[in-house]
Amino acid sequence: MGAGLRRARLWLLLPIVVTVAVIAAVWAQADPVEPVPHFAERDVSIIAHAGAQGHAPPNTMEAFQAAVELGADVLEMDLQITADGEIVTIHDGTVDRTTDGSGPVSELTLAELRALDAGYTWRDEQGGTPFRGHGVRHATLREVFEAFPDTPLVIELKTDGGEAIIQPTIDLIVEYDRGDSVAVASFREEYLQPVRAQLPGVATNMPESETYDFYVRQLFGLHPWWTPPGQLFQVPEHFDGRRVVTPRFVRAAERLGVEVHVWTVNDPEQMHRVLDAGAHGIITDYPDRAVEVLAEREAARGDVRGINPDQYDDQLTRIEYLQQQYGWLTPVMSTVTFFGDEEAYLLLLPIIYWVVNRRIGIRLGVMLLLTAGVNSLLKLGFATPRPAYLDPGLELAREHSFGLPSGHAQNAAAIWGVLAASLRGWPVRIGLVALIVAIGWSRIHLGAHFLEDIFTGWLVGLLLVVLYLWLAPRGARWVRRLSTGEQIAGAVAASLLLIAPAVLLSSRLINVSFPWPGVIDAAELAGASGVVTAAATLAGFGIGLALLHARGGFDHRGPIGRRLLRLVVGLVGVVAIWQGLGVLFPGGEEPLALVLRYVRYALVGLWVGGVAPLLFRRLGLADRLPPEPPTTEPGDGSAHPAPVPARAG
Numbered sequence: 000m001g002a003g004l005r006r007a008r009l010w011l012l013l014p015i016v017v018t019v020a021v022i023a024a025v026w027a028q029a030d031p032v033e034p035v036p037h038f039a040e041r042d043v044s045i046i047a048h049a050g051a052q053g054h055a056p057p058n059t060m061e062a063f064q065a066a067v068e069l070g071a072d073v074l075e076m077d078l079q080i081t082a083d084g085e086i087v088t089i090h091d092g093t094v095d096r097t098t099d100g101s102g103p104v105s106e107l108t109l110a111e112l113r114a115l116d117a118g119y120t121w122r123d124e125q126g127g128t129p130f131r132g133h134g135v136r137h138a139t140l141r142e143v144f145e146a147f148p149d150t151p152l153v154i155e156l157k158t159d160g161g162e163a164i165i166q167p168t169i170d171l172i173v174e175y176d177r178g179d180s181v182a183v184a185s186f187r188e189e190y191l192q193p194v195r196a197q198l199p200g201v202a203t204n205m206p207e208s209e210t211y212d213f214y215v216r217q218l219f220g221l222h223p224w225w226t227p228p229g230q231l232f233q234v235p236e237h238f239d240g241r242r243v244v245t246p247r248f249v250r251a252a253e254r255l256g257v258e259v260h261v262w263t264v265n266d267p268e269q270m271h272r273v274l275d276a277g278a279h280g281i282i283t284d285y286p287d288r289a290v291e292v293l294a295e296r297e298a299a300r301g302d303v304r305g306i307n308p309d310q311y312d313d314q315l316t317r318i319e320y321l322q323q324q325y326g327w328l329t330p331v332m333s334t335v336t337f338f339g340d341e342e343a344y345l346l347l348l349p350i351i352y353w354v355v356n357r358r359i360g361i362r363l364g365v366m367l368l369l370t371a372g373v374n375s376l377l378k379l380g381f382a383t384p385r386p387a388y389l390d391p392g393l394e395l396a397r398e399h400s401f402g403l404p405s406g407h408a409q410n411a412a413a414i415w416g417v418l419a420a421s422l423r424g425w426p427v428r429i430g431l432v433a434l435i436v437a438i439g440w441s442r443i444h445l446g447a448h449f450l451e452d453i454f455t456g457w458l459v460g461l462l463l464v465v466l467y468l469w470l471a472p473r474g475a476r477w478v479r480r481l482s483t484g485e486q487i488a489g490a491v492a493a494s495l496l497l498i499a500p501a502v503l504l505s506s507r508l509i510n511v512s513f514p515w516p517g518v519i520d521a522a523e524l525a526g527a528s529g530v531v532t533a534a535a536t537l538a539g540f541g542i543g544l545a546l547l548h549a550r551g552g553f554d555h556r557g558p559i560g561r562r563l564l565r566l567v568v569g570l571v572g573v574v575a576i577w578q579g580l581g582v583l584f585p586g587g588e589e590p591l592a593l594v595l596r597y598v599r600y601a602l603v604g605l606w607v608g609g610v611a612p613l614l615f616r617r618l619g620l621a622d623r624l625p626p627e628p629p630t631t632e633p634g635d636g637s638a639h640p641a642p643v644p645a646r647a648g
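Sequential numbering of the sequence shown, starting at 0, is according to numbering that gives the first Met the number 0.
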């Protein structure tokens, strides 16, 4: 017995140690980098690759001007250095491919470069050379700065001429005061390091080596502990046989405050694909095509980035049909869905516990708080949309969390499922199953969930019921071996076991945009407050039961008048604590707000589980619980799992 008790105490310490470690790990995560203003102000940036080189010779003033006229937000260009130290816009290290000359750029003076025809080799879609012999020249960076003073630029430092290109480029950025409207890119880290050191306010891309570091980390969920050296990932959609630009990659980048720009995207179908993944910028030779794609998406979806709703078309159409053809059912469905609301359970369960049946009330209360906490954890893990997030016109029930699994379906299956297992008689059980099904279907009608959300919720709820019926007797025996203080510690430990993973899951979603038209507050969507609420109430409820049990418990039986007075006194206390502390404590997802939320809901649980019943006894509204033999039969009050005491009053 002594060794077993010591093991029990060690198990109680484990959640506390784990939670402290998790909080320390989250505290050590990197903060998102500051956004690049001229990119952040747009949902998607159209970045003209070497100017509109699909319409004019690349890296020329003609291409840059065409790009602006065709709707580009940002001009991208390649930089080389001439023999006399001028920074010019040309991609290759030689002039052979783009002019009528030959030789390395670094061996030509600016005058020699300007004597070459930069439109000589460029061909249009018909194979013609409309710019040949028309005086088209490669530009200097100075000319670009002067010609486009208000246009954001991405300037790439080419490495053909060596590191001599770096300092003159930095000097030009400073001379023209373009630090807030220029991003510097390169395929080599050593070319970017002087820029980052001398111009810390200037955005830079992250070349392959740095991007690879991030890519591997995000595969294993370790990216929140990585501090990005730059502000931009400029990547191809696929690299080395792997798809790089995925929703997961983009979300992980957003967690760090980094934008994802994809090159070189000229096909409208590919533009749609990378935008479906959430890309923030399209680097293209044809900015006019990108303009058309964005306009098409805006008209069809109301948002230009994010998940393609076509995969949900059948279900969205079904929901719209139900709402239009069976609109008369909407009030009925709203009533049915209320029986799956956490608010309804929080109102009903104290009534059962204080007035109807203490044991069933404890059983349902513990199950509610466990299933609510688990559901919030799963939502943070899957982070999927609801129908109304993709089509706001379908919203008949306002929600502020992710979709999978449905909380209403899961909670209904768990709570009413436990009640069905606790009651005798098949008619009652069949009625409860029908209620579970109706609650799930109501969520589809109201535009709150997809079918997979409902079925997953039912499955998780059923699994919780099975686990409860299997583990409850074992948990009861374990709890009986603990002192009151250890039972209290167990209640807190159980809540921490829910909160620890929630903090980790929520922290990985910080700064993620979730570009769904129906989402108003992404921070609220990805917050841990739902888990904290359930876990804190569970802790308070368990502490209250432990204290009540140590003081003789309470008997829910008695005249109807005493029971009703109990209910009035108890609910007044709940409202006073819940509303009063809600006014005093700030809301939100900040650490202090979550700590205060824990205190608030722990006090509510403490009141419901122990303080109110003790007050009932003091006021003569309830009696001490009479002695009774212990039992481990699942339907008995001793069958609830830790941290609830086996014979809590």
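Even glycine gets a Cβ: it sits at the ideal position worked out from N, Cα and C.
At a Cβ-Cβ threshold of 7 Å, Leu-156 and Leu-78 count as neighbours.
Under a 10 Å Cβ-count criterion, Leu-348 is classified as buried, with 16 or more other Cβ atoms of the shown protein chains found around its own Cβ. For Pro-246, the uninterrupted alpha helix (DSSP H) run begins and ends at 246-254, by DSSP.
By the beta-carbon neighbour count (other beta carbons within 10 angstroms, threshold 16), Arg-397 is exposed. In the structure shown, Asp-554 falls within a strand segment according to DSSP collapsed to helix, strand and coil. According to the DSSP assignment, Ile-559 belongs to the alpha helix (DSSP H) that extends over 559-583. Ranked by how close their Cα comes to the Cα of Phe-232, the residues Asp-239, Arg-247, Thr-210, Leu-221 have Thr-210 in first place. For Pro-228, the closest C-alpha among the options Arg-247, Pro-193, Pro-235 is that of Pro-193. Comparing alpha carbon positions, the residue from His-54, Ile-350, Pro-103 closest to Asp-123 is His-54.
Closest by C-alpha distance to Asn-410, out of Leu-376, Met-366, Trp-469, is Met-366. Considering only Gln-125, Ile-46, Ala-621, Pro-558, the residue with the shortest C-alpha distance to His-260 is Ile-46. Secondary structure of Gly-280 (DSSP, three-state): strand.
Taking the CA atoms as reference points, Ala-299 sits about 21 Å from Ala-447.
Val-464 and Gly-474 have their C-alpha atoms spaced approximately 14 Å apart.
The C-beta separation of Ser-44 from Gly-280 comes to about 4 Å, placing the pair in contact by the 8 Å criterion.
Secondary structure of Ala-294 (DSSP, three-state): helix. Shown here, Asn-374 sits in a helix according to DSSP, grouped into three states. Our two residues, Ile-435 and Trp-457, have alpha carbons roughly 8 Å apart in a direct line. DSSP places Val-273 inside the alpha helix (DSSP H), whose first and last residues are 267-275. In the structure shown, Ser-44 adopts extended strand secondary structure according to DSSP, grouped into three states.
For the stretch 183-256, the continuous alpha helix (DSSP H) assignments of 4+ residues that do not extend past its boundaries occur at 188-197, 207-218, 246-254, in sequence order. Cβ neighbours of Asn-374 within its own chain (closer than 6 Å, five residues either side excluded): Gly-406, Gln-409.
In terms of CA proximity to Leu-445, Thr-334 leads the group Thr-334, Leu-547, Ile-169. Bounds of any alpha helix (DSSP H) do not take in Trp-262; it lies within the beta strand (DSSP E) bounded by 258-262. Ranked by Cα distance from Ala-382, the first of Ile-443, Ile-282, Leu-508, Gly-557 is Leu-508. Apart from sequence neighbours up to five positions away, the residues of its chain that approach Ile-453 with a beta-carbon distance below 7 Å are Ser-405, Ala-408, Gly-439, Arg-442, Ile-443, ordered along the chain.
Distance from the CA of Gly-380 to the CA of Ile-306, rounded to the nearest whole angstrom, comes to 17 Å. Counting other Cβ atoms within 10 Å of its Cβ, Gly-552 reaches 16 or more and is therefore classed as buried. Nearest neighbour of Leu-255 by Cα position, chosen from Gly-587, Leu-69, Ser-512, turns out to be Ser-512. Listed in chain order, the non-local C-beta contacts of Pro-516 below 6 Å within the same chain comprise Gly-301, Asp-302, Pro-391, local neighbours out to five positions each way being set aside. Note that the C-beta distance between Gly-372 and Leu-497 is below 7 Å. Between Ala-276 and Val-249, the C-beta spacing is below 7 Å.
Taking a contact to require three or more Cβ pairs closer than 8 Å, the stretch 559-579 and the stretch 538-549 do not qualify as touching.
Ile-414 sits close to Leu-363, with the two beta carbons spaced by under 7 Å.
Taking C-alpha positions only, Leu-274 is separated from Glu-297 by approximately 12 Å. Note that the C-beta distance between Ile-351 and Gly-360 is below 7 Å.
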